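Numbering (the UniProt record's numbering), first residue to last: 50 to 540.
For reference, the structure is listed below as structure tokens.
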Ligand code: FAD
Ligand code: 2HG
Ligand code: ZN
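Next up, the structure:
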């Protein structure tokens, strides 16, 4: 190892380094194919570049070996071999994670699931989908659309992320408010433990109270206990009527009132209630060159979506909701999508924020759960702090470009993003642990839906107590005694 991207971390000397004999073992197992796209690639550092780096261009490992197994049996043989040889492994799905969990830190072997991309079965009566972990979320949803069903999770990275990666991070996404968390909709999993044992909990039953619900251990474990290879997911019927509206608000308090009204008046058809602050929307506007969907400038914008079974009924409810919040002066202005094109265009103002920020340089991301009453105050306080410390400004001499807040208001989940011209210790030290102290004070969570990965590993104690952390470590030691699964990350 010649370079160290993480001066504060040391490579664990208990881990072996990959030898030519190891490569031969993997080549014999998976087939000796060329380049990155097939079974085994060795000594091709350049080709491994995209797999060593994360979506944000913030984290970079130095792995020299990428394995792409095609079956559970191959995953099992790989892990057993790695465990016996004490070779560290990082499981990788679509590599869209936002906390540096999906890429190696040093020379861990990358175990990429993209070749395990088969949809095994779908039962139209129960709505249960059984699929490999490497199926791309959008592919799964398209398959379900053809069968009048919907994947119970949707997010901006749907075109690249895998359902296995979604489950490993317990991703929340845009409609958790309506369809709930993966802890509820994943009915069963198949996973492989570090010693090669295949854990089959691939139940397709909705109810199954037969002892510990062990599949839950893998949901949100971020690849630290084993590799998820298959999942059984409960999928709802695809709504026949879908509507979306985009609103402008004069204040955060008004937006909170609108949310309360939406729950009361749209109740069973409400499927998303998303918050975007004015700065985030102006950035998307600048990037796309499009005018905002409504005239005038507002400090807050909201996106409200409904999923129902009767278009006329839903439209009547939405119009009544709209009239009420307009009449009461809760909302300043708004627009309802009239067709599929407008529907997509309105969603793009919300879904496009992360991508827009990624083109402006770097982003410090905080994905937090905070009681709704305090939610946006964190953004105001962060901007005030950055300003007071002289870190934010319009010209290139300031490291921070801007501070934006957006997120899943319906789930009290804020995305605080600090867009920087360059990553710097100065900005990082101004933010951490200050943000985490702030969150702890209002009993929030330092990770609502993205996980902890490498980015938040030192800060887990702000949201979990010592007893819970102790139990996590016991589980890790029990199932991964050599610590080969995704080392250097949060546990
Ligand atoms: P990866 O990034 O490859 O991996 C993520 C973690 O899971 C890593 O720790 C990895 O080791 C582990 N892992 C991956 N596959 C497996 C497996 N089969 N078995 C065991 N461990 C595995 N997240 C949200 O919650 N809500 C959002 O709305 C949302 N929107 C996003 C929008 C954009 C534009 C982007 C880039 C990301 C967004 N995310 C969101 C982040 C989110 O975590 C990921 O998009 C997704 O869940 C990760 O899936 P992936 O296949 O890319 O996993
Ligand atoms: C979203 O809700 C994602 O758009 C990404 O969770 C949030 O980039 C972020 O901080
Ligand atoms: Zn999100």
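The beta carbon of each residue, even a glycine, is placed where N, CA and C say it ideally should be.
Source: prediction; values computed, not measured.
- Between the stretch 524-536 and the stretch 270-283, the count of Cβ pairs shorter than 8 Å is three or higher; the stretches touch.
- Contact holds between the stretch 149-156 and the stretch 96-114, because three or more Cβ pairs, one in each stretch, are under 8 Å apart.
- Separation of residue 299 and residue 209 (C-alpha to C-alpha, rounded to the nearest whole angstrom) is 36 Å.
- Around the ligand ZN, the residues selected by a Cβ distance under 7 Å to any of its heavy atoms are 204, 221, 222, 416, 456, 457, 462, 464 and 498, following chain order.
- Residue pairing of residue 185 in beta bridges, as defined by DSSP: 211.
- Residue burial annotation: residue 483 is exposed, with fewer than 16 other C-beta atoms found within 10 angstroms of its C-beta.
- About 18 Å separates the beta carbons of residue 480 and residue 424, which is beyond the 8 Å limit, so they are not a contact pair.
- Shown here for residue 491: same chain residues with a beta carbon closer than 8 Å to its own, the five before and five after excluded, namely 419, 420 and 423 in chain order.
- In the DSSP assignment, residue 281 falls within the unbroken beta strand (DSSP E) covering 276-283.
- At a cut-off of 4 residues, the continuous stretches assigned as alpha helix (DSSP H) that sit fully inside the stretch 90-156 are 94-101 and 121-134.
- DSSP lists 286 as the beta-bridge partner residues of residue 198.
- In the DSSP assignment, residue 70 falls outside any beta strand (DSSP E) and lies within the alpha helix (DSSP H) extending over 69-79.
- Residue 509 is a Cβ neighbour of residue 539, given a cutoff of 7 Å.
- CA-CA distance, residue 353 to residue 187, rounds to 22 Å.
- In the three-state DSSP reduction, residue 402 falls in the helix class (H, G or I).
- Beta-bridge partners assigned by DSSP to residue 296: 351 and 383.
- Per DSSP, the continuous alpha helix (DSSP H) segment holding residue 488 begins and ends at 483-490.
- Rounded to the nearest whole angstrom, the C-alpha separation of residue 309 and residue 79 is 55 Å.
- Taken in chain order, the complete alpha helix (DSSP H) segments of 4 residues or longer contained in the stretch 446-510 are 474-480 and 483-490.
- For residue 369, the uninterrupted alpha helix (DSSP H) run begins and ends at 360-376, by DSSP.
- Set against 6 Å, the gap from the CB of residue 54 to the closest heavy atom of the ligand 2HG is not smaller.
- Residue 430 sits in a helix when the DSSP states are folded into three classes.
- Between the ligand FAD and the CB of residue 251, the shortest heavy atom gap is not smaller than 6 Å.
- Short note on residue 466: C-beta closer than 6 Å to some heavy atom of the ligand 2HG.
- Per DSSP, the unbroken beta strand (DSSP E) holding residue 170 starts and ends at 168-172.
- In the three-state reduction of the DSSP assignment, residue 413 falls in the strand class.
- At least one heavy atom of the ligand FAD lies closer than 6 Å to the C-beta of residue 162.
- Collapsing the DSSP output to three states places residue 266 in a helix.
- Spanning the alpha carbons of residue 356 and residue 197 requires a straight line of approximately 13 Å.
- Contact between the stretch 381-397 and the stretch 441-454 is absent, with fewer than three C-beta pairs closer than 8 Å.
- With a contact defined as Cβ atoms closer than 8 Å, residue 315 and residue 367 qualify at about 7 Å.
- Two segments are said to touch when three or more pairs of C-beta atoms, one from each, lie closer than 8 Å; by this definition the stretch 372-390 touches the stretch 281-299.
- Under the DSSP assignment, residue 308 falls in the alpha helix (DSSP H) whose first and last residues are 301-314.
- Residue 248 and residue 327 have their C-alpha atoms roughly 48 Å apart.
- For residue 439, no alpha helix (DSSP H) encloses it, and the DSSP letter there is neither H nor E.
- Excluding its 5 nearest sequence neighbours in each direction, residue 232 has C-beta neighbours in its own chain below 8 Å: 219, 265, 268 and 269, listed in chain order.
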